[in-house]
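K.L.:
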Amino acid sequence: CFFFLMVRRPPRSTQSRSSAASDVYKRQISNKENKLFREALNFFYGFTGSVEIVQDDQMYKAYFHLLPHTRYLISQYKNDFHEGIDRSTAKSKVYALSKKAPYLNKTLKHDDNIQSIFTKYPIISFVAKHVNLWKDLSFYLCII
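Using the numbering used here, read the sequence shown as starting at 85 and increasing by one per residue.
#1: State the Cα-Cα distance for the pair I137 and F223, rounded to the nearest angstrom.
#2: Could you give the distance in angstroms between the alpha-carbon of L221 and the alpha-carbon of I198?
#3: Report the residue from H149, L150 and V135 whose alpha carbon sits nearest the alpha carbon of M143.
#4: Would you identify the three-state DSSP class for G130, choosing helix, strand or coil?
#5: Using only the alpha-carbon positions, how far apart do I228 and L217 sit?
#6: May I ask you to list the residues that DSSP assigns as paired with V135?
#7: Using only the alpha-carbon positions, how far apart do N118 and F127 sit?
#8: What is the DSSP secondary structure of R72, reduced to helix, strand or coil?
#9: Helix, strand or coil for F88? Go by DSSP, reduced to three states.
#10: Give the straight-line distance between the Cα atoms of Y187 and G168, rounded to the nearest whole angstrom.
Right under this line is the structure:
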């Protein structure tokens, strides 16, 4: 006589301890992967720039590494750049970019140097941020 023992798996709603522990472990791994993925995306967006290029009626997005001093690219610089470009042809846009890029790069490096001085010497930063106060103070001292 042969006896067959049928092993039945518990239903999903009542998981065994080992199955439930396995699911918790998988969720923890998934959460860690999601966190790493979010950190990677934040790093990517923080240190890359992009430009959209239209070629043969197709739009492409090209990504590039941002240099450290480009974090000082304020809207005034962007507006000056956009307003001063001849947009009639792709060639004129590239030409204007190549002409303005060295000046813009030099300006951003200068801003980076100033910021590093402010970071190194906070008193200079304080004085520079309160120029109007010092003007008013010197005026009142001259009157007295």
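A virtual CB, placed ideally from N, CA and C, is assigned to each residue, including glycine.
The model shown is predicted, which means the values in this text are computed figures rather than measured ones.
P.N.:
Short version:
#1: 54 Å
#2: 25 Å
#3: V135
#4: helix
#5: 17 Å
#6: A146
#7: 14 Å
#8: Within the shown structure, residues of the chain are numbered from 85 to 228, placing residue 72 beyond reach of any answer.
#9: Confidence is the limiting factor: at F88 the pLDDT is only 45, short of 50, which leaves the residue's position unreliable and the question unanswerable from this model.
#10: 13 Å
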